[in-house]
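Before any comments, here is the structure.
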Amino acid sequence: MKKKATAPTCASKLKALSDPTRLTVLEALMARPKNVGELMAQLGVEQSLLSHHLAILRDAGLVESSREGKTMIYQLPENVSDSTAGKAINLGCCKISFD
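Residue numbers (the numbering used here): 269 to 367.
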């Protein structure tokens, strides 16, 4: 049985999503894992700003990264990706869907 998210955990995740760029990053990663260059091109943001947003999302447990050679690949963790709901993320306390 899945453990219910606590109010502080949920508030932390919602705070991490309070920036439109971070929401756009999550939406971009719903299709497939991407590296920083792909995300920069898709979002039109500078590398330093994107790294800042990715760090916040990673600290909140909303994205995870892995290294392939010199490249960092970012993806949604399994517990966040909600493939049953189309374009949606599961925060544990609520779901957010993208139209």
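Glycine is no exception: its CB is placed at the ideal position from the N, C-alpha and C atoms.
query, result
"Closest by CA to Gln343, which one among Ala273, Val304, Ser286 and Ala279?", "Val304"
"Considering only the beta carbon of each residue, do Lys281 and Ala328 sit closer than 7 angstroms?", "yes"
"Could you pull the start and end residues of the alpha helix (DSSP H) that Glu346 belongs to?", "Element bounds for Glu346: n/a, residue is neither H nor E."
"Counting only the same chain and skipping the five closest in sequence on each side, list residues whose C-beta sits under 7 angstroms from that of Val348.", "Leu330, Ile357 and Asn358"
"Tell me whether Asp367 sits in a helix, a strand or coil according to DSSP, three-state version.", "coil"
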